[in-house]
Amino acid sequence: MHDRPLFITGASRSGTSMTAGLFAAHGVWFGPCVPASPINTKGFHESRFLKMDWQNAGPIARQESWRVWLDQHAAPQQWAVKAGPEWWPVFKAFNPVVVCCYRDLRAIRASRERAGFDPSDRHTERAWELMGEIPGAHSVRPDEFAEGNFTGLQPVLDALGIEFAAEAAAAWVDPALWTK
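Numbered according to my numbering, the sequence shown spans residues 1 to 180.
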């Protein structure tokens, strides 16, 4: 099967796309993804496959579907998925390295409002609750990435056996987009 994958999670508008993009810039494969949009012009790094309607499928059926999808797409040894923390029951079977993205609640609220999402805190608070239940997760602060500080990536890159590429990281992050 595949080497240990990467699972990136967080509340919406918390910097998961920026974080996923940093790993993609280091060669981690996310597969066919949802295209960029005006609220995220560099891309979401969200799997098109996960956006399918799986409401009636349980975690085991989803795990099997994901395994088939990986095989069909000839996933390389180092693959990743970015998904909400409610997807943890599906991906924990793959023994992933987990990254939880945290951002100031006021900043998330403002970003959700600018993006036309429900600005209430209940989504974020629920995401944080679920993230707190994931054992061994690495916490990162994407605000630091926007400031050019990538030290929070190092433990995750080490766990994945990937060498940090400063040029690739700096080229990916656009601080001007961080306020969107």
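Even for Gly, the Cβ is constructed at its ideal location relative to N, Cα and C.
With the rule of 3 Cβ pairs closer than 8 angstroms, the region 28-44 does not count as touching the region 125-141.
Within the region 29-90, the runs of beta strand (DSSP E) that reach at least 3 residues and sit entirely inside it are, in chain order, 80-82. Following the DSSP letters along the chain, one finds Gly21 in no beta strand (DSSP E) but inside the alpha helix (DSSP H) bounded by residues Thr16 to Ala25. Taken atom to atom, the span from the alpha-carbon of Val97 to that of Ala24 is near 15 angstroms. Excluding five sequence positions before and after Asn95, the CB atoms of its chain that fall closer than 7 angstroms to its own CB belong to Arg4, given in chain order.
Across the structure, Arg62 and Val90 are spaced so that their CA atoms are roughly 6 angstroms apart. With a contact defined as Cβ atoms closer than 8 angstroms, Val99 and Val28 miss out at about 11 angstroms. Measuring C-alpha to C-alpha distances from His45 to each of Leu6, Ser120 and Val68 identifies Leu6 as the nearest.
Assignment of beta-bridge partners to Val98 by DSSP yields Phe7.
Counted as a single uninterrupted DSSP element, the beta strand (DSSP E) harbouring Ser139 occupies residues His138 to Val140. For Arg103, there is no enclosing alpha helix (DSSP H), since its DSSP letter is neither H nor E. Scanning Pro38, Ala176 and Arg103 for the CA closest to the CA of Gly116 turns up Pro38.
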